[in-house]
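In the working numbering, the protein residues as written are 6 to 294.
One structure below.
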């Protein structure tokens, strides 16, 4: 009897050891934290892959108001025009320099502009569409074809749709609330442009225009004269006709005789590019006289 009894005791001991190990493993599994879930895939950006907040084309009537660059496809002829929200006899008011009618004769028949579900339109004095614009494939401009087959591009220069939305939680400080809210101080902007001569480069064309930046005429003024030198080969700058410049909050603003404006930001080594960077590249660079 001694042999069988010892055998049964050994089997029982082994079984007890196995059950203890199994119970310990189960307890360990219950105490371990669950495996982290894989991160969710980022939602695709809208506006042709552009990050949110960087849209440059309007989706509403109010967003279309501002300054635009109208150009004839395949040529250098262009016109800087302003689409105003003011109501006129032919839709909304559109303003442009008189030289636009020479650069683009089609502008002589423009009486106003409209923004509809179909898009943005330049219309004649009878509200008949002269140019019916639609979003271009690049998502950065509008395109339209005239009755004679000419193709026109409309690029935003400074419109309401290009203004970045306020970040969540941003506090707008007004005179009444200045004692109640505190804004994080902004980083100081870089230095303004040096006075003197600048060359304008557009796309692959180099030194197509030269601009001379002068100092303010009066001490304490932040606006200074700007002169386009003779023999400028860029009709867009000739039509735009900048007469003054101003530097504030890191932006260099060129202001036209009729009030239009173009913003630029520094890119280093005395060079400035249009901001936002849309349409054909536009770069100003400091040159020696």
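Using N, Cα and C, we set each Cβ at its ideal position, and we do this for glycine too.
Cβ-based burial, residue i [other Cβ within 10 Å; buried from 16]
| i | result |
| --- | --- |
| residue 292 | exposed |
| residue 96 | buried |
| residue 215 | buried |
| residue 121 | exposed |
| residue 108 | buried |
| residue 261 | buried |
| residue 149 | buried |
| residue 90 | exposed |
| residue 132 | exposed |
| residue 222 | exposed |
Own chain partners of residue i with C-beta closer than 7 Å, once the 5 adjacent residues on each side are dropped
| i | result |
| --- | --- |
| residue 200 | 218, 219, 220 |
| residue 265 | 72, 85, 87, 245 |
| residue 140 | 62, 147 |
CB contact flag (residue i, residue j, <8 Å)
| i | j | result |
| --- | --- | --- |
| residue 78 | residue 85 | no |
| residue 268 | residue 163 | yes |
| residue 290 | residue 157 | no |
| residue 231 | residue 161 | no |
| residue 270 | residue 206 | no |
| residue 64 | residue 165 | no |
| residue 286 | residue 208 | yes |
Same chain only: Cβ atoms within 6 Å of residue i, ignoring 5 sequence neighbours per side
| i | result |
| --- | --- |
| residue 241 | 83 |
| residue 129 | 114, 116, 135 |
| residue 159 | 73, 75, 138, 147 |
| residue 143 | none |
| residue 274 | none |
| residue 243 | 237 |
Nearest-angstrom beta carbon gap, residue j and residue i [assumed within contact, 8 Å]
| i | j | result |
| --- | --- | --- |
| residue 66 | residue 99 | No, residue 66 and residue 99 are not in contact; Cβ-Cβ is about 13 Å, not under 8 Å. |
| residue 263 | residue 102 | 6 Å |
| residue 213 | residue 251 | 23 Å between Cβ atoms; not a contact. |
| residue 125 | residue 198 | With 8 Å as the limit, residue 125 and residue 198 do not qualify as a contact, their Cβ atoms being about 33 Å apart. |
Neighbourhood of residue i by C-beta, 8 Å cutoff - its chain only, sequence neighbours within 5 removed
| i | result |
| --- | --- |
| residue 92 | 98 |
| residue 235 | none |
| residue 155 | 77, 78, 111 |
| residue 276 | 288, 289, 290, 291 |
| residue 151 | 111, 135, 136, 157 |
For this session: May I ask you to verify whether the segment 65-72 touches the segment 240-260, counting CB pairs closer than 8 Å and requiring at least 3?
Result: With a cut-off of 8 Å, the segment 240-260 and the segment 65-72 do not count as touching, because too few Cβ pairs lie within range.
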